[in-house]
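This report refers to the structure that appears directly beneath it.
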Amino acid sequence: MGVLATNRTIALKPEILLMDEPTSALDPIATAKVEELILDLKKNFTIIIVTNSLQQALRISDYTAFFWMGQLI
C-alpha cells in the first residue's frame, strides 16, 4: 500500500476504503506502520480489509467476517 495512493484516495473523502492485502510482502516493521495508519484512518473512515492473516484481522478490526469456499460463515 503506497502512501501516495492512500493520500490520493483520502483526498476524495470516500465513504469506504477498500484495502486488499495492504501489508502483503512487507517486513514486520513496515507492517506495523501500515497497521498504525489503518488504526488512525478507521477513526474517520469505514475500512474493509481483505487479509489472509487472522492475527492481523484480530489486531486491527472491530468486526471480522470469514469466507470459506465463497460462502460467508
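Heads up: the sequence shown runs through residues 230 to 302, numbered per the working numbering.
Even for Gly, the Cβ is constructed at its ideal location relative to N, Cα and C.
Report the option in Val-263, Leu-241, Trp-297 whose CA atom is closest to the CA atom of Asp-249. Val-263
By alpha-carbon positions, which one of Ile-276, Ser-282, Leu-255 ends up nearest to Thr-238? Ile-276
Do you know how far the Cα of Ala-261 is from the Cα of Leu-255? 9 angstroms
In whole angstroms, what is the alpha-carbon distance linking Ile-267 and Ile-302? 25 angstroms
Taking a contact to mean a Cβ-Cβ separation below 8 angstroms, would you say Leu-246 touches Phe-274 in this structure? yes
If the criterion is Cβ atoms closer than 8 angstroms, does the pair Gln-285 and Thr-252 meet it? yes
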